[in-house]
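Following my numbering, the numbering of the sequence shown begins with 795 at its first residue and continues without gaps.
Worksheet: the structure to be examined is printed underneath.
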Amino acid sequence: MTTKNFLFVNRKAPYGTVYALESLEVVLISAAFEQNVSLAFIDDGVYQITKGQNSKGIGMKNFSPTYRALGDYDINKLYVSTESLEERGLTVDDLMELTYEDADDDYAEKPSIILVNREEMAAMMAGQDVVLSF
């Protein structure tokens with residue numbers, strides 16, 4: 795089987811719709827089939843990986859801890875739009891610390907989040923085989 799580059803673009807807030815949770819489920823399924831999977835967080839999608847999420851008041855399960863497991867599935871490229879963060883008054887310090895263990899560097903723990911501007915995001919998207927937007 796040929797490995798393809800899959801990019802999952804997350805544009806929606808984590809709660810209020812099923813898009814964020816469904817995206818996360820499809821990401822994990824794709825990784826299980828040994829595809830090269832990465833994620834992009836744009837617009838309100840940046841809220842999906844913010845720290846301290848509490849969904850009790852809306853009666854939905856907080857699935858944000860699942861993002862910490864992505865590194866275990868060799869999903870270690872999480873592209874975050876700097877403009878989207880700035881437009882929402884957020885910084886990288888507002889995001890969860892998402893890491894992976896780099897097998898090529900004696901399993902050193904490294905950050906999965908890659909901050910990119912719109913131009914860099916567009917260039918990265920152009921290099922993908924499959925782009926799915928949620």
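Every residue, glycine too, gets a C-beta built ideally from N, C-alpha and C.
What residue range does the alpha helix (DSSP H) around S824 cover?
Within the sequence shown, the letter at position 30 stands for residue 824. Residues Y813 to A826.
So, for Y809: in the same chain, excluding its five sequence neighbours on each side, which residues have a beta-carbon less than 7 Å away from its beta-carbon?
Sequence index remark: in the sequence shown, residue 809 carries index 15 (1-based). Closer than 7 Å at the Cβ level, and outside the excluded window around Y809, lie S849, I852 and M854.
I'd like the list of long-range same chain contacts for A917, defined as Cβ closer than 6 Å, with 5 residues on each side in sequence excluded.
Taking the first residue of the sequence shown as position 1, residue 917 is located at position 123. Taken in chain order, the list of residues that qualify is empty.
Considering Cα atoms alone, identify which of F827, R882, D866 and I823 is closest to Q842.
Residue numbering aside, residue 842 sits at position 48 when the sequence shown is read from its first letter. Ranking F827, R882, D866 and I823 by Cα distance to Q842 puts R882 first.
P905 by DSSP, collapsed to three states: which one?
As a first step, residue 905 must be located in the sequence shown, where it is residue number 111. P905 falls in the strand class under three-state DSSP.
Which of the three DSSP states, helix, strand or coil, is assigned to E895?
By 1-based counting over the sequence shown, the position of residue 895 is 101. Strand at E895.
Go ahead and pull the three-state DSSP assignment for Q860.
Counted from its first residue, the sequence shown places residue 860 at position 66. Note on identity: in this sequence residue 860 is Thr, with Gln being the wrong assignment. Of the three classes helix, strand and coil, the one that applies to T860 here is helix, per DSSP.
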